[in-house]
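Asks: I have a structure here, written as structure tokens, and I will follow up with some questions on it.
Numbering (my numbering), first residue to last: 996 to 1091.
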């Protein structure tokens, strides 16, 4: 009889832990996206009146650039600086 409430309590405590990684992964993705865009700006200087979102959309309008951004993000996750900078260097600057 005591095991049922104990199991219910354990289930209630374990359920939030299962969802705990999800918000952190979203935050990590946003941080990586900001870092990639910051480094892309070092090679592709946007005009001052272009918003961050518009700049990112112009970069990602090109399919090759999308692939290079994915490669850069993957290299960042793996802490591979050489592949990261290679991918950033291959991004083609759009007409700004």
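C-beta atoms are modelled at their ideal positions from N, C-alpha and C, and glycine is treated no differently. Keep in mind that this is a model prediction, so the values were computed, not measured.
1) Three-state secondary structure (DSSP) at residue 1073?
2) With 16 other CB atoms within 10 Å as the buried threshold, where does residue 1077 fall?
3) Grab me the residues of residue 1061's own chain with a C-beta within less than 8 angstroms of its C-beta, minus the 5 sequence neighbours each way, in chain order.
4) So, helix, strand or coil for residue 1030, using DSSP?
5) Give the single residue among 1068, 1059 and 1082 whose Cα lies nearest to the Cα of residue 1089.
Replies: Reading from the atomic positions:
1) Residue mapping note: residue 1073 aligns to position 78 of the chain shown, counting from 1. Note: residue 1073 maps to coil in three-state DSSP.
2) As a working note, residue 1077 is residue 82 in the chain shown. It counts as exposed.
3) The residue given as residue 1061 occupies position 66 in the chain shown. Only 1055 meet the Cβ criterion.
4) As a first step, residue 1030 is located in the chain shown; it is residue number 35 there, counting from the start. It is helical.
5) On the chain shown, residue 1089 is found 94 positions in, with the first residue counted as 1. Minimum Cα distance to residue 1089 is reached at 1059.
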